[in-house]
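Structure record follows, encoded as structure tokens.
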Amino acid sequence: MELRPILSTLRRHKTTAWLLILEIALTCAIVCNAVFMINHRLQHMQMSTGIDEHALVQIQVAEVAPLPDIYARAREDLAVIRQVPGVQAATLVNQVPLGASSSNANIMLEPTQRQPTLNAGTYFGVDLGPTMGLRLLAGRYLRPEEVLDSDVVLKALADGDTKVIAPVTVITQAMAQRLWPGGEALGKMVYLGPIGVRVVGVIEQLARANAYDDATAQYSMILPMFMGAGKDQSYLIRTHPQDRHAVLKAAVAALKKADPRRVVTTQRTYDEVREKFFENDRSMAGILVGAIAALLIVTALGIVGLASFWVAQRRRTIGVRRALGATRRNILVYFQTENFLLATIGIALGMVLAYGINLFLMMHYELPRLPAVYFPVGAIALWLIGQVAVLGPALRAAAVPPVVATRSV
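In numbering that gives the first Met the number 0, the protein residues as written are 0 to 408.
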């Protein structure tokens with residue numbers, strides 16, 4: 000089909016043609032970025048924590064009155080929990096991956112550095128590796144004799160007496176690669192302010208509590224400090240996945256029996272921790288899906304409305320063409336080609352606009368660069384929607400009888 004008649008017709012309807020082109024361009028730009036953002040959210044929600052998620056439950060308690068010895072209470076509680084049938088391991092930890100509260104520290108390679116090399120999540124506790132199901136890649140875990148009560152550690156630091164402290168740590172592989180790219184981490188020193196800590200083990204993964212940034216989510220370390228019982232500490236229990244709910248219920252009952260006055264503030268499986276952490280991402284993905292659907296529907300309706308208007312306006316011209324020998328197929332192809340040209344111009348403008356929107360999001364919201372693969376995705380979607388939307392009006396145009404049209408001449 001020759002494009003000259005189509006272009007000639009569009010020049011006589013510049014305003015309506017450009018309105019449709021701009022609508023398609025805006026839809027293309029928004030759809031490309033929205034699909035990218037949805038995929039980014041979904042990938043973020045698949046983040047690995049490095050722990051045996053389906054085998055863990057978490058319990059937090061709050062005391063009504065101050066405890067005379069928070070460390071003795073924590074050890075008593077752990078002993079009670081470990082006696083519960085089905086419990087394989089239990090520990091007290093200051094935070095859990097993807098949890099609500101977080102503990103972090105600036106890490107340096109030299110004590111005199113002005114700016115930290117990175118910021119890492121800091122986990123305190125005993126036997127975290129076996130309880131969480133962490134995978135040890137090199138070295139060893141912290142030994143029980145290296146773990147000291149937090150009061151002892153803080154007093155030693157205040158007095159400047161680091162001899163009583165075992166300055167060792169276990170770090171993640173991601174953190175090791177960031178600190179010493181391509182090098183060996185075992186035996187190296189890292190500094191938390193002026194305090195030097197030697198790396199004795201490297202684990203595969205351990206996500207931070209505030210793992211919002213995928214690039215730094217695995218920067219974590221385990222330090223030899225026992226925090227004692229408190230509202231911000233969690234009892235983390237490992238069991239068989241099928242026994243989680245029964246063990247959780249029994250462990251809570253055992254703790255309440257040991258001290259009926261305490262309040263259990265949190266009791267949940269780790270699956271619930273993950274679900275809670277990513278609920279905003281799920282909501283955002285749902286909103287974006289709804290926005291995409293609404294935009295595509297509005298664009299399709301715009302194409303249908305404009306095509307129907309043009310068919311009504313050109314009824315006499317269509318009849319003349321039919322009388323001169325044009326087939327129904329010729330009329331159908333004419334309208335679909337016309338729509339394809341408008342959609343193509345709109346998609347080309349939309350891709351430029353999509354790139355501009357992505358640059359804005361990169362600058363102000365730290366979104367990654369939009370991959371080129373999303374441009375053809377948006378283009379194909381709009382081409383298909385355009386052809387489907389114009390099909391109805393085009394079929395009505397093709398059905399115009401030559402006799403009826405010629406009577407109006």
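All C-beta atoms, glycine included, are put in the ideal place defined by N, C-alpha and C.
Cβ neighbour criterion (16 or more within 10 Å) applied to residue i
{"i": "residue 407", "result": "Its pLDDT being 46, under 50, residue 407 is placed unreliably by the model, and nothing is read from it."}
{"i": "residue 388", "result": "buried"}
{"i": "residue 211", "result": "exposed"}
{"i": "residue 370", "result": "exposed"}
{"i": "residue 233", "result": "buried"}
{"i": "residue 11", "result": "exposed"}
{"i": "residue 144", "result": "exposed"}
{"i": "residue 2", "result": "exposed"}
{"i": "residue 361", "result": "exposed"}
{"i": "residue 142", "result": "exposed"}
{"i": "residue 249", "result": "buried"}
{"i": "residue 359", "result": "exposed"}
{"i": "residue 292", "result": "exposed"}
{"i": "residue 312", "result": "exposed"}
{"i": "residue 113", "result": "exposed"}
{"i": "residue 22", "result": "buried"}
{"i": "residue 345", "result": "buried"}
{"i": "residue 71", "result": "exposed"}
{"i": "residue 76", "result": "buried"}
{"i": "residue 41", "result": "exposed"}
Nearest candidate by alpha-carbon position, reference residue i, set the options
{"i": "residue 316", "options": "243, 397, 271 and 287", "result": "397"}
{"i": "residue 271", "options": "40, 114 and 98", "result": "98"}
{"i": "residue 189", "options": "116, 21, 180 and 73", "result": "116"}
{"i": "residue 307", "options": "258, 395 and 286", "result": "395"}
{"i": "residue 47", "options": "318, 285, 269 and 303", "result": "269"}
{"i": "residue 131", "options": "41, 276, 346 and 203", "result": "203"}
{"i": "residue 187", "options": "66, 68, 30 and 137", "result": "137"}
Proximity of residue i and residue j at Cβ, strictly below 8 Å
{"i": "residue 381", "j": "residue 15", "result": "no"}
{"i": "residue 171", "j": "residue 217", "result": "yes"}
{"i": "residue 322", "j": "residue 385", "result": "no"}
{"i": "residue 175", "j": "residue 201", "result": "yes"}
{"i": "residue 328", "j": "residue 399", "result": "no"}
{"i": "residue 253", "j": "residue 83", "result": "yes"}
{"i": "residue 373", "j": "residue 34", "result": "yes"}
{"i": "residue 49", "j": "residue 127", "result": "no"}
{"i": "residue 348", "j": "residue 58", "result": "no"}
{"i": "residue 356", "j": "residue 32", "result": "yes"}
{"i": "residue 56", "j": "residue 236", "result": "yes"}
{"i": "residue 54", "j": "residue 191", "result": "no"}
{"i": "residue 146", "j": "residue 224", "result": "yes"}
For residue i, the three-state DSSP class (helix, strand or coil)
{"i": "residue 74", "result": "helix"}
{"i": "residue 369", "result": "coil"}
{"i": "residue 28", "result": "helix"}
{"i": "residue 298", "result": "helix"}
{"i": "residue 92", "result": "strand"}
{"i": "residue 116", "result": "coil"}
{"i": "residue 204", "result": "coil"}
{"i": "residue 264", "result": "strand"}
{"i": "residue 59", "result": "strand"}
{"i": "residue 142", "result": "coil"}
* To do: Could you tell me whether the stretch 235-246 touches the stretch 59-66, where touching means 3 or more Cβ pairs closer than 8 Å?
  => Contact between the stretch 235-246 and the stretch 59-66 is absent: fewer than 3 CB-CB pairs across the two stretches fall below 8 Å.
* So does the stretch 273-280 actually touch the stretch 78-93, counting three or more Cβ pairs closer than 8 Å? -> Below 8 Å, too few C-beta pairs join the stretch 273-280 and the stretch 78-93 to call them touching: fewer than three.
* Asked: Three or more C-beta pairs closer than 8 Å, one from the stretch 362-371 and one from the stretch 292-300: is that the case here?
  -> Fewer than three beta-carbon pairs drawn from the stretch 362-371 and the stretch 292-300 are found closer than 8 Å, and the two stretches are therefore not classed as touching.
* **At least three beta-carbon pairs within less than 8 Å, the stretch 261-270 to the stretch 113-122** => Short answer: they don't touch.
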